[in-house]
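Residue numbers (our numbering), protein chains in the order written: chain W, 5 to 339; chain G, 5 to 339.
Note that the Cβ used here is the ideal one computed from N, Cα and C, for glycine as well.
Note that the coordinates shown come from a computational prediction; the quantities given were computed from them, not determined experimentally.
Heads up: the structure comes next, in structure tokens.
There are 2 protein chains.
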Amino acid sequence: MGNINIKKLALELNLSTATVSRALGDSYQISSETKRKVLELAKSLNYEPNPIASNLRNQKSKTIAVIVPEVANHFFSLAINGIEEIARKRDYHVLIYQTHENSEAEIAFTLKLLSGRVDGILISTSSGETNNKQHLIEASQSIPVVFFDRVYEDIEGVKIITDDYESSYQAVQHLIDSGCKKIAYLLALHNLSTGEKRSNGYLTALKDNGIPFNEDFVVTSTPNQDENYALIKNLLTYYKPDGILSSIEELAFPCYYACRELDLNIPRDIKIISFSNLDCAPLLNPSLTTITQPAFEIGSEAASALFKIFDKKYFEPNETRILKSVLIKRESTAV
Amino acid sequence: MGNINIKKLALELNLSTATVSRALGDSYQISSETKRKVLELAKSLNYEPNPIASNLRNQKSKTIAVIVPEVANHFFSLAINGIEEIARKRDYHVLIYQTHENSEAEIAFTLKLLSGRVDGILISTSSGETNNKQHLIEASQSIPVVFFDRVYEDIEGVKIITDDYESSYQAVQHLIDSGCKKIAYLLALHNLSTGEKRSNGYLTALKDNGIPFNEDFVVTSTPNQDENYALIKNLLTYYKPDGILSSIEELAFPCYYACRELDLNIPRDIKIISFSNLDCAPLLNPSLTTITQPAFEIGSEAASALFKIFDKKYFEPNETRILKSVLIKRESTAV
DNA sequence: TTGTAAGCGTTATCAA
DNA sequence: TTGATAACGCTTACAA
């Protein structure tokens, strides 16, 4: 089972471990006859090389780490799917770490990974309160790191993101075109460039349409879902917006529930758009207009970028790849 | 960064590597003065021990593997979430592998993992056509393995599952109680005990209610989503069931779409229940009656069981933990 | 074409 | 309380 190793193969065949190792590696130095014998015995004994020993010797782990806020989130699980598929093609292994939006956890994971456990890191940053980036800088100085979706623009590194500003702008424009005058914004990821761009899209679209900004219409989300629900209900009750743009998927459902409870009809009384990768969006009641990010592609692009770094050992330090999201108009913003 | 090791610390401090190692491990044999010096230098140089070397020496990887059909599936991503949380508490690392329901892939992953890369495996089996289990038997003979949700009952091993038979039975009973007479079953996982139990629940509930079984009402799902959609449309068009039980989440949406296209009203013309962990079920149009499995708990229970095996080095070879699913009645089965 | 031996970074045994 | 050394399983100069 697990405990058959090169030494035993060598002993059995009256060869040196070196020869066995080379035969297994299909080295040109070894006679085909020897290769045949070694391979035969290896197969018959179900020999599998110990990757840990080989990693130690080769100073690489054939493993990459993926650090995300949550696995159980449509966007991230799709991204992981994309990452895993690329890693599979290269025979790499994928370690998963969840931060639950906790910076401390993110820092701890990141630093622990810099000593050989992985050859590279793919990270979508947590949006915890403490705007701590030192660990990200250290990480990218020490091993290849690719940032995806949730990034800090001011950190040097390869980044795979989407056109957040444009998407957000376009969404607000769509709300305005559909007749909305009082557009609320559910703010999240505020300390990240990702969130900042989404906010800017909202603000600029308002301005370009001559709609004055009113901070009462901005709800800042919290890590607590109940609290978010209360905040949204409060927004709907006291400020009565006629349109909502939610900057993250997690806040779309609470909007629906709050509207139900307050007996507001979507889209008649209020129109809703959300950044979201929910595949049930078309089946909701009413179906939800979404800004949908190419989550799978973000993952596979990020992984590909990482492998490109492995291969070339050179890359533009600030290469950024921007993928396009799509605004899918559905009933929740119907006129 | 990555390349500071015990040897360098030892050199710097004029100590042996043994002493440094012991100091870092807080061994009782080391004077507190020495410990202080070592720890201080280690911290100042940002030293992190190389886990690969330590793994090789200790013959354990502090890593577990999770093998699932898909990451981007609500059930599995929740289960992974549960697994990750437990692993985190024990300072274990989690490797993810997706089989995409491909037995070949599952076999390859499993066998590759038996040579030291991981200390244990958590697996939810793929339901590929070839009913190949040899690799699972080999795996559990060689390292600790815990099976969850999708299992073969005839393989020895620790299993975490749900009450599939009862859930399925109860769902059909609910359909019958709601007035359905022609109940279709969307069959999946047929080669696994999991699927078999769900089928049996369906069959027995029909029998107990004096409803003759009609094989035209059973649709066997395929890996191809378009084909599944066509099969369901065909079922609805030609056999006109008045109730559907879907044995997997993936087939619930196609049912909704097919009903829309055929202008069938849910629940008036046809009632639908699905095994599902979709959190949008209550917001669908109409809201979907579901059998919801405790996905997160299945994951955390499975991980806990694995760690129990690590700890005790002993366990009942066929210990099975059965968690309860819940039938949540919603509009899709309203009378 | 094959063998010897060193070394990857740790840890544990044994001796001092 | 500390040090010398071997060993984990594999790969690769260097030698034969």
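- The DSSP assignment places complete alpha helix (DSSP H) segments of no fewer than 4 residues inside the region 140-211 of chain W at 168-181, in order along the chain.
- For G:Gln33, there is no enclosing alpha helix (DSSP H), since its DSSP letter is neither H nor E.
- Going by beta carbons, G:Arg334 and G:Thr293 fall inside the 8 angstroms limit.
- Shown here, W:Tyr51 sits in coil according to DSSP, grouped into three states, outside any helix or strand.
- The shortest CA-to-CA distance from G:Thr38 to any of G:Ser25, G:Asn50 and G:Leu49 is the one to G:Ser25.
- Under the Cβ distance rule, G:His139 does not count among the residues neighbouring chain W, no pair being separated by less than 8 angstroms.
- At least 8 angstroms separates the CB of G:Cys259 from every CB of chain W.
- In terms of beta-carbon proximity, W:Leu268 stays away from the interface with chain G, with every pair separated by 8 angstroms or more.
- Note on the region 35-120 of chain W: whole beta strand (DSSP E) runs with a minimum of 3 residues are 67-72 and 97-102, in chain order.
- W:Asp230 and W:Phe257 have their alpha carbons spaced roughly 12 angstroms apart.
- Rounded to the nearest whole angstrom, the C-alpha separation of W:Glu44 and W:Asn228 is 59 angstroms.
- For W:Phe279, the enclosing beta strand (DSSP E) has its first and last residue at Lys275 to Phe279.
- The beta-carbon of W:Val150 is placed no less than 8 angstroms from the nearest beta-carbon of chain G.
- For chain G, the residues of the region 92-107 of chain W that bring a beta carbon within less than 7 angstroms of one of its beta carbons are His97, Val98, Leu99, Ile100 and Gln102, in chain order.
- With a 10 Å radius around the Cβ and a threshold of 16 neighbouring Cβ atoms, W:Thr324 comes out exposed.
- Excluding sequence positions up to five before and after G:Gly161, its CB lies within less than 6 angstroms of the CB of Ser144, Val149 and Phe151, all in the same chain and listed in chain order.
- Using a CB distance cut-off of 8 angstroms, G:Ser81 counts as an interface residue toward chain W.
- For G:Lys116, the C-beta contacts it makes with chain W under 7 angstroms involve Glu52, in order along the chain.
- The beta carbons of G:Lys275 and G:Leu140 sit about 38 angstroms from each other, so the pair does not count as a contact at 8 angstroms.
- Listed in chain order, the non-local C-beta contacts of W:Ala309 below 6 angstroms within the same chain comprise Val150 and Val162, local neighbours out to five positions each way being set aside.
- The Cβ atoms of W:Leu99 and G:Val98 sit closer than 8 angstroms to each other.
- Minimum Cα-Cα distance from W:Val155 among the listed residues W:Lys201, W:Ala46, W:Tyr189 and W:Pro286 corresponds to W:Lys201.
- Taking 8 angstroms as the upper bound for CB-CB distance, W:Ser291 and W:Glu253 are not in contact here, some 15 angstroms apart.
- Each of W:Ile332, W:Pro245, W:Cys263 and W:Arg61 was checked against the Cα of W:Phe217, and the nearest Cα belongs to W:Pro245.
- According to DSSP, residue pairing for W:Val223 in a beta bridge involves W:Leu190.
- Nearest neighbour of G:Ser250 by Cα position, chosen from G:His78, G:Leu191, G:Val70 and G:Ala306, turns out to be G:Leu191.
- By the neighbour-count criterion, in which a residue is buried when 16 or more other Cβ atoms sit within 10 angstroms of its Cβ, G:Glu108 is exposed.
- Taken atom to atom, the span from the alpha-carbon of G:Ile125 to that of W:Lys312 is near 30 angstroms.
- It is roughly 41 angstroms from the alpha-carbon of G:Ser20 to the alpha-carbon of W:Ala307.
- In the DSSP assignment, W:Arg325 falls within the unbroken beta strand (DSSP E) covering Thr324 to Leu327.
- According to DSSP, G:Thr337 shares a beta bridge with no other residue.
- For W:Ser304, the uninterrupted alpha helix (DSSP H) segment begins and ends at Ala299 to Lys316.
- Nearest CB-CB separation between W:Glu88 and chain G: below the 8 angstroms threshold.
- Within chain W, Ser81, Ile84, Asn85 and Glu88 have C-beta atoms less than 7 angstroms from the C-beta of G:Val75, given in sequence order.
- In the three-state reduction of the DSSP assignment, W:Leu268 falls in the coil class.
- The Cβ-Cβ distance between W:Ala299 and W:Ala83 falls below 8 angstroms.
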